[in-house]
Amino acid sequence: MAAQLESVERCLEKHLPDPELREVKRILYGNEPRKLELASAAVKSASQHGFELQGYGFEAATEQLRQPRKVRVGLIQNRIPLPTETAVKEQVSALHKRIAEMVEVAAMCGVNIVCFQEAWTMPFAFCTREKLPWTEFAESAKDGPTTRFCQELARKHNMVVVSPILERDELHGETLWNTAVIISNSGTVLGKSRKNHIPRVGDFNESTYYMEGNTGHRVFQTAFGRIAVNICYGRHHPLNWLLYSLNGAEIIFNPSATTGELSECMWPVEARNAAIANHCFTCAINRVGTEYFKNEFTSGDGKEAHHEFGYFYGSSYVAAPDGRQTPGLSRIQDGLLVTELDVNLCRQVSDKWNFKMTGRYEMYAEELAKAVQQDFCPNIISE
Ligand SMILES: NC(=O)NCCC(=O)O
Numbered sequence: 001m002a003a004q005l006e007s008v009e010r011c012l013e014k015h016l017p018d019p020e021l022r023e024v025k026r027i028l029y030g031n032e033p034r035k036l037e038l039a040s041a042a043v044k045s046a047s048q049h050g051f052e053l054q055g056y057g058f059e060a061a062t063e064q065l066r067q068p069r070k071v072r073v074g075l076i077q078n079r080i081p082l083p084t085e086t087a088v089k090e091q092v093s094a095l096h097k098r099i100a101e102m103v104e105v106a107a108m109c110g111v112n113i114v115c116f117q118e119a120w121t122m123p124f125a126f127c128t129r130e131k132l133p134w135t136e137f138a139e140s141a142k143d144g145p146t147t148r149f150c151q152e153l154a155r156k157h158n159m160v161v162v163s164p165i166l167e168r169d170e171l172h173g174e175t176l177w178n179t180a181v182i183i184s185n186s187g188t189v190l191g192k193s194r195k196n197h198i199p200r201v202g203d204f205n206e207s208t209y210y211m212e213g214n215t216g217h218r219v220f221q222t223a224f225g226r227i228a229v230n231i232c233y234g235r236h237h238p239l240n241w242l243l244y245s246l247n248g249a250e251i252i253f254n255p256s257a258t259t260g261e262l263s264e265c266m267w268p269v270e271a272r273n274a275a276i277a278n279h280c281f282t283c284a285i286n287r288v289g290t291e292y293f294k295n296e297f298t299s300g301d302g303k304e305a306h307h308e309f310g311y312f313y314g315s316s317y318v319a320a321p322d323g324r325q326t327p328g329l330s331r332i333q334d335g336l337l338v339t340e341l342d343v344n345l346c347r348q349v350s351d352k353w354n355f356k357m358t359g360r361y362e363m364y365a366e367e368l369a370k371a372v373q374q375d376f377c378p379n380i381i382s383e
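Quick note on UniProt numbering: the sequence shown kicks off at 1 and runs consecutively.
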């Protein structure tokens, strides 16, 4: 049943009369961002290729000394096109083909920076705890087939590409990592950012495959703004967002893979709260659909063994520093969300709310430094 609901917003639109609908949306999401006029060729192509296309714009106030700094970001969510038992190479090429179609439409919509979902070149097979064939999806971040494919996309469309993959690091004992590769619009690999926090919840058995990332909280200066990537489970950690923001990120992408029962009520809150708390834009992306695995696995909870992870509910969205957010993409369909951001809004909201100024970072740093010591004594006063 839950998988059938297309989206919360569409449900509200269907059932609420107009004046109430506007008020409910304002209370839940803030004043709705402007709808973007997207090229009719893009709308047609999206419909021909069977994916949803939505476009929104967040404006900032006009300033005297700074020009508006408008950037279009594209968030892509998708199902895996082939069954998980198909040969590895075929699955990867089918995903490359699907993403190329969707990026083509993003280009028609003037997208400057595109980001794909977590581990986009593969099924989210980490629930199985099996090594083969899943580790065969791992590739070099520097010059693996997927990075080369993304470099072509970047050059062709003059677009920054954020490509979250399963990385095999040949320089360091062929180790595996959950990594986002950032490719500049020139086609150069700008660098990579690894997932800092590995989940140990439900069927997310990712620690069987890779360790916590060691690239810290890098921020990438692109032609279109300073960006960072907080991969999936990192969105539950406010300090993780904070550190990207302290390093100057204006837009933080959160490529994810997460399922309904586990996290759907947290999803609309976390990236949005991070945008508010850190005076930046956040872009949350989740995959879509159910992925079936041939061999059953258990969740260590005494329940029946099963073949499926649960339902990946899509619902990708962008949140702005003033607390507004776009409606989510569909829960059931592939989609491209195009959002125009005026990055000047980050400083404008910061000047209004002053969280960076009023944050007591020295005090937190001092107390955190004590809290991580072996001899830490919690500061509890009792009678
Ligand atoms: N991919 C991943 O880290 N998922 C963990 C579950 C969640 O964070 O919702």
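Note that beta-carbon positions come from the ideal geometry of N, C-alpha and C, so glycine has one too. Only a predicted model underlies this, so the values are computations on that prediction, with no experimental measurement involved.
Sort 169, 321, 292 and 223 by Cα distance to residue 190 and report the nearest one. 223
Work out the CA separation of residue 106 and residue 52 for me, nearest whole Å. 12 Å
So does residue 257 have its beta carbon nearer than 6 Å to some heavy atom of ligand 1? yes
Rounded straight-line distance, which links the Cα of residue 248 to that of residue 117: 23 Å
Beta-carbon spacing of residue 99, residue 336 below 7 Å: no
Between the Cα of residue 178 and the Cα atoms of 125, 158 and 185, which residue gives the shortest distance? 125
Taking 6 Å as the cut-off, is the CB of residue 263 close to at least one heavy atom of ligand 1? yes
DSSP beta-bridge partners of residue 397: The structure shown has nothing for residue 397, since the chain only spans 1 to 383.
Any idea which residues DSSP pairs residue 56 with across the strands? 35 and 339
Taking 7 Å as the cut-off, decide whether the C-beta atoms of residue 358 and residue 311 are in contact. no
Please state whether the Cβ-Cβ distance between residue 271 and residue 254 is less than 7 Å. yes
How about residue 328 and residue 7: do their beta carbons lie closer than 7 Å? yes
Straight-line gap, residue 323 to residue 273 (C-alpha atoms, nearest Å): 7 Å
Which partner residues does residue 181 have in the DSSP bridge list? 163 and 192
Go ahead and pull the three-state DSSP assignment for residue 173. coil
In three-state terms, what does DSSP make of residue 251? strand
At a threshold of 6 Å, does residue 137 count as lining ligand 1 (C-beta to nearest heavy atom)? no
Going straight from the alpha carbon of residue 171 to that of residue 160, what length do you get? 26 Å
So what does DSSP say about residue 274, is it helix, strand or coil? helix
Residues in the same chain with beta-carbon distance under 8 Å from residue 290, minus the five sequence neighbours each way, listed in chain order, please. 3, 308, 309, 310, 311 and 312
Completely contained beta strand (DSSP E) runs for the segment 75 to 136, where each covers 3 or more residues: 113 to 115
Assuming residue 26 contacts residue 57 under a Cβ cut-off of 8 Å, what Cβ separation, rounded to an integer in Å, is found between them? About 17 Å; that fails the 8 Å criterion.
Under the three-state DSSP convention, the category residue 70 falls into: strand
Cβ neighbour criterion (16 or more within 10 Å) applied to residue 361: exposed
On the three-pair Cβ rule with 8 Å, is the segment 224 to 232 touching the segment 261 to 268? no
For residue 139, list the residues DSSP reports as bridge partners. 167
For residue 203, count neighbouring Cβ atoms within 10 angstroms of its own Cβ and tell me buried if that reaches 16, exposed if not. buried
CA-to-CA distance, residue 108 to residue 349, given in whole angstroms: 31 Å
With a threshold of 6 Å, establish whether the CB of residue 238 neighbours any heavy atom of ligand 1. no
Taking just the CA atoms, how far does residue 288 sit from residue 1? In this predicted model, residue 1 has a pLDDT of only 44, less than 50, meaning its place in the structure is not dependable; the value taken from the coordinates is given anyway. When rounded, the distance between both Cα atoms is 15 Å.
Use the C-beta contact count for residue 239: other C-beta atoms within 10 angstroms, 16 or more gives buried, fewer gives exposed. exposed
Per DSSP, residue 228 is paired with what? 252
Rounded straight-line distance, which links the Cα of residue 59 to that of residue 300: 48 Å
Following a CB-centred definition, is residue 232 positioned closer than 6 Å to any heavy atom of ligand 1? yes
Less than 6 Å between C-beta atoms, sequence neighbours within five positions excluded: which residues of the same chain meet that for residue 185? 154, 158, 159, 160 and 223
Taking contact to mean 3 or more Cβ pairs, one atom from each stretch, closer than 8 Å, check whether the segment 123 to 138 and the segment 84 to 104 are in contact. yes
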